[in-house]
Amino acid sequence: MNVFDIIGPIMVGPSSSHTAGAVRIGKIARAVSGGQPAMVTIELYGSFAQTYKGHGTDKAIIAGLLGMAPDDERIKDSLELARDLGMAFKFKKSGNKAVHPNTALIAAVDSQGKKTIVQGSSVGGGRIVVNRINEINVKFNGEYYTLLVPHHDTPGMIAAVTNLLADQGINIAEMNMYRSQRGGEAMMVIETDQAINEELVSLIEAVNSVKKAVLIKPIY
Amino acid sequence: MISYDSVQELADKATKKGKPISALVLADQALQMERSQQDLIEEMNKSLQVMAEAASKGINSGSKSASGLSGGDALKMKQAIHAGQSLGGMVLSETLAKALAIAEVNACMGRIVAAPTAGSCGIIPALLLTLKEAYDLTEAQVVMSLFTAAGLGMVIAKKASISGAEGGCQAECGSAAAMAAAAAVELMGGTPQMCAHACAIALKSVLGLVCDPVAGLVEVPCVKRNASGAANALIAAEMALAGIESVIPVDEVIAAMKDIGDAMPKTLKETAEGGLADTPTAKKMAREIFR
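Order-wise, the sequence lines are chains A and B. The UniProt record's numbering puts the first residue of the first sequence at 1, with every later residue one more than the last. The UniProt record's numbering puts the first residue of the second sequence at 1, with every later residue one more than the last.
What follows is the structure in structure tokens.
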């Protein structure tokens, strides 16, 4: 958190948590699913579910999925824009209790039929926490360059990936490992102080047992 | 490095160094973000410009929001000022007009600066921009005071909350008023300790304030609560500048705000299920809006 999270962001109203934060959750879902999805289903929890129409939370999440920033004055027209750009969408209200009152679960399907799930919570002032990617519970806020590295849970993975970062002089601000079960699917979430380029992403993807590397640029 | 765990600690550090809180926050943030102080000042100045644009846009627009629930009140306030109907003096009336104006722009999905949130975006700029005009202060001074507001806001966000869904309106308009009060004290030449007291006094006055937006929209009562929040900040700053102190230390007030927020039922935390949102008139309006 820094001063511009508190005095800021510059954004389109009416609600930092329900509009700006929602744009950001949508934007992360776009990055994780690798671009604009063909079809999205968005499940809203808690206060998001109660008040999304009034706050324009639906328009905000769709705007993020279309790649808009929170201060984009086209946000209020995003539903029409999505239809024009060929992105189908559906909203559902969940009655279940979520990890946080302002939570959205986005299931995005691309044109090849590949499904990506991203769940995020808007925690106030436009700041967010991403708490689920596909079947794995994670925790990051999108304020740094963030690398998601899904891989098979085998020894030496952390060393192999972090050595590549070290070679380029990139400092890790925060790093976490998550796995579904021993020897199963796992995911590294690495947040760095310096920018990460596409070349480094390819090098990481070439590491044995790494399935993929997804780079999320700071969304602020 | 500053940890932003305590407003008192910030004020004490500033007192010891003989500097305003803003200077400490700016230096620390430049260090933490690995950017120059000038760079941060320029970015904050950009926010101040957006604030000023929203204030002048809102005060003249008079247009209604999409729901029809809000809009036009800033214009009425301005007309009353021009007609010489100010009861509390020009600083108060101008502050109210600007707070209404910015909050109305927000309700219309216009561009604002979340300070600390969009729902409370009118409070800090309304008071600071009014003081700037009334006392011929420079833009640079107002920009610096925003670093004080932000520094205190970081403590509140870390130790309590700035989200209505988490802590009720006390966490949004209350935090904004507390931040504005401290910034105003610094802007008017008060000491760091006075800033801390102003922060405490403003926040204490709205402890327990619930978030109960009609139809779930950031309009009723939010637009007018921006005006009362700005007035709250003004009176807290005025008391602190007079040397009046908060009996309960500022960090304990912030902790109490968190406890109250945690104890508040979900129906009163931005879910539009309780309070004003649950009145017969509000329910009727909600039905009409979402028909």
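Where a beta carbon is used, it is the ideal one built from N, C-alpha and C, also for glycine. What you are looking at is a predicted structure, and each value in this text was computed from that prediction instead of being measured.
**Prompt:** Does the distance from the C-beta atom of residue 161(A) to that of residue 142(A) stay below 9 Å?
**Reply:** For the purposes of this step, residue 161(A) is taken as residue 161 along the first sequence, with counting starting at 1. For the purposes of this step, residue 142(A) is taken as residue 142 along the first sequence, with counting starting at 1. No, these two residues do not count as a Cβ contact at 9 Å.
**Item:** Residue span of the beta strand (DSSP E) that contains residue 254(A), given as start and end
**Value:** Past the edges of chain A, shown from 1 to 220, lies residue 254(A), and the structure says nothing about it.
**Request:** Pull up the distance between the alpha-carbon of residue 257(B) and that of residue 27(A), whole angstroms please.
**Result:** What you label residue 257(B) is simply residue 257 of the second sequence in a count that begins at 1. What you label residue 27(A) is simply residue 27 of the first sequence in a count that begins at 1. The straight-line gap from Cα to Cα measures roughly 32 Å.
**Message:** Tell me which residue opens and which closes the beta strand (DSSP E) that residue 121(A) is part of.
**Reply:** For the purposes of this step, residue 121(A) is identified with residue 121 of the first sequence, where counting begins at 1. Its beta strand (DSSP E) spans residues 115-124.
**Prompt:** Nearest to residue 264(B) by alpha carbon, out of 40(B), 208(B) and 80(B)?
**Reply:** By one-based count along the second sequence, residue 264(B) stands at place 264. The shortest C-alpha separation from residue 264(B) is found at 208(B).
**Request:** With 9 Å as the threshold, decide whether the Cβ of residue 58(A) is near any Cβ in chain D.
**Result:** In the structure shown, chain D cannot be found, because the protein chains are A and B.
**Request:** Mark residue 103(B) as exposed unless 16 or more other C-beta atoms lie within 10 angstroms of its C-beta, in which case mark it buried.
**Result:** Here residue 103(B) refers to the residue found at position 103 when the second sequence is read from its first residue. Burial call: buried.
**Asked** What's the call for residue 96(A), buried or exposed, on a 16-neighbour Cβ count within 10 Å?
**Response** Translated into the one-based positions of the first sequence, residue 96(A) becomes position 96. That one is exposed.
**Item:** 4 or more residues per run - each alpha helix (DSSP H) lying fully within the region 194-245 of chain B
**Value:** 222-241
**Message:** Let me make sure I understand the geometry here. Which of 193(A), 159(A), 155(A) and 189(A) has the alpha-carbon closest to that of residue 169(A)?
**Reply:** Taking the first residue of the first sequence as 1, we reach residue 169(A) at position 169. Here the closest residue by C-alpha is 193(A).
**Amino acids of chain A, ordered along the chain, whose beta-carbon sits closer than 8 Å to that of residue 269(B)** = In the second sequence, residue 269(B) corresponds to position 269, counting from 1. Residues of chain A passing the Cβ test: 47 and 101.
**Item:** Where the alpha helix (DSSP H) through residue 151(A) begins and ends
**Value:** Working through the first sequence from its first residue, we reach residue 151(A) at position 151. Segment 145-152 is the beta strand (DSSP E) holding residue 151(A); no alpha helix (DSSP H) there.
**Message:** Which residues in chain B have a C-beta closer than 8 Å to the C-beta of residue 71(A)? List them in chain order.
**Reply:** For the purposes of this step, residue 71(A) is taken as residue 71 along the first sequence, with counting starting at 1. By Cβ distance, chain B contributes 111.
**Nearest to residue 73(A) (by Cα), restricted to the options 23(A), 173(A) and 206(A)** = Numbered from 1 along the first sequence, position 73 holds the residue referred to as residue 73(A). Checked all of 23(A), 173(A) and 206(A); the closest Cα to residue 73(A) is 23(A).
**Prompt:** Does the separation of the CB atoms of residue 130(B) and residue 163(B) fall below 9 Å?
**Reply:** Counting from 1 along the second sequence, the entry for residue 130(B) is found at position 130. Counting from 1 along the second sequence, the entry for residue 163(B) is found at position 163. No, Cβ-Cβ distance for residue 130(B) and residue 163(B) is not below 9 Å.
**Prompt:** With residue 67(B) and residue 289(B) assumed to form a contact (beta carbons below 8 Å), what rounded beta-carbon distance in angstroms separates them?
**Reply:** For the purposes of this step, residue 67(B) is taken as residue 67 along the second sequence, with counting starting at 1. For the purposes of this step, residue 289(B) is taken as residue 289 along the second sequence, with counting starting at 1. So it is a contact: roughly 5 Å between Cβ atoms.
**Prompt:** Hey, out of 94(A), 145(A), 52(A) and 42(A), whose CA is closest to residue 19(A)'s CA?
**Reply:** Numbered from its first residue, the first sequence carries residue 19(A) at position 19. It is 52(A) whose Cα lies nearest to the Cα of residue 19(A).
**Message:** So residue 218(A) contacts chain B; which residues on that side make the cut at Cβ distance below 9 Å?
**Reply:** Indexing the first sequence from 1 puts residue 218(A) at position 218. In chain order: nothing, as chain B lies at least about 12 Å away.
**Asked** Quick one: complete alpha helix (DSSP H) runs, 4+ long, within the region 143-184 of chain B?
**Response** 164-167
**Item:** Contact the region 262-278 of chain B vs the region 152-159 of chain B: 3+ CB pairs below 8 Å
**Value:** no
**Prompt:** What does residue 43(B) reach in chain A if we use C-beta pairs closer than 8 Å?
**Reply:** Along the second sequence, one-based indexing puts residue 43(B) at 43. Correct list: 4.
**Message:** Quick check on the burial criterion: 16 or more other C-beta atoms within 10 angstroms. Buried or exposed for residue 206(A)?
**Reply:** Along the first sequence, read from residue 1 onward, the residue named residue 206(A) stands at position 206. Under this definition residue 206(A) is an exposed residue.
**Request:** Tell me, please, whether the region 28-39 of chain A touches the region 93-113 of chain A by the rule of three or more beta-carbon pairs shorter than 8 Å.
**Result:** yes
**Prompt:** What's the gap between the Cα of residue 186(A) and the Cα of residue 65(A)?
**Reply:** Your numbering for residue 186(A) matches position 186 in the first sequence. Your numbering for residue 65(A) matches position 65 in the first sequence. Cα to Cα, the separation comes out at about 25 Å.
**Item:** Neighbourhood of residue 99(A) by C-beta distance below 7 Å, restricted to the same chain and skipping five residues each side
**Value:** In the first sequence, counting from the first residue as 1, residue 99(A) sits at position 99. Correct list, in chain order: 121 and 131.
**Asked** What residues in its chain sit with their C-beta under 6 Å from that of residue 153(B), if we drop five residues either side in the sequence?
**Response** Counted from its first residue, the second sequence places residue 153(B) at position 153. Taken in chain order, the residues that qualify are 116 and 179.
**Coil, strand or helix - residue 89(A) by DSSP** = Taking the first residue of the first sequence as position 1, residue 89(A) is located at position 89. Here residue 89(A) sits in strand by DSSP.
**Request:** Return yes when the Cβ of residue 212(B) is within less than 9 Å of the Cβ of residue 165(B), no when it is not.
**Result:** Counting from one through the second sequence, the residue named residue 165(B) turns up at place 165. Counting from one through the second sequence, the residue named residue 212(B) turns up at place 212. No, the pair does not count as a contact, with Cβ atoms beyond the cut-off.
**Prompt:** Relative to chain B, which residues along the region 61-88 of chain A have a C-beta separation below 8 Å, given in chain order?
**Reply:** 71, 73, 75 and 76
**Request:** Could you please tell me which residues of the region 130-160 of chain B, in chain order, have their CB closer than 9 Å to any CB of chain A?
**Result:** 146, 147, 149, 150, 151, 152, 153, 154, 156, 157 and 158
**Message:** Let me check one thing: in DSSP terms, what residues is residue 235(A) bridge-paired to?
**Reply:** No answer is possible for residue 235(A): it lies beyond the span of chain A, which begins at 1 and ends at 220.
**Item:** Rounded straight-line distance, which links the Cα of residue 270(B) to that of residue 116(A)
**Value:** To locate residue 116(A), count along the first sequence from 1; it is residue 116. To locate residue 270(B), count along the second sequence from 1; it is residue 270. Each residue's Cα considered, the two are about 30 Å apart.
**Asked** Taking Cβ positions only, does residue 124(B) come closer than 9 Å to chain A?
**Response** Position 124 of the second sequence holds residue 124(B). Answer yes: the Cβ-Cβ gap between residue 124(B) and chain A drops below 9 Å somewhere.
**Asked** Between the C-alpha atoms of residue 231(B) and residue 46(B), what's the straight-line distance to the nearest angstrom?
**Response** One-based indexing of the second sequence puts residue 231(B) at position 231. One-based indexing of the second sequence puts residue 46(B) at position 46. If you take the alpha carbons of residue 231(B) and residue 46(B), they lie about 25 Å apart.
**Prompt:** Heavy atom of the ligand SAM less than 8 Å from the Cβ of residue 190(A), yes or no?
**Reply:** The ligand SAM is not among the ligands present in this structure, which contains no ligands whatsoever.
**Message:** Taking the alpha-carbon of residue 211(A) as reference, which of 76(A), 11(A), 154(A) and 139(A) has the nearest alpha-carbon?
**Reply:** Here residue 211(A) is taken as the residue at index 211 of the first sequence, counted from 1. The candidate whose alpha carbon is nearest that of residue 211(A) is 154(A).
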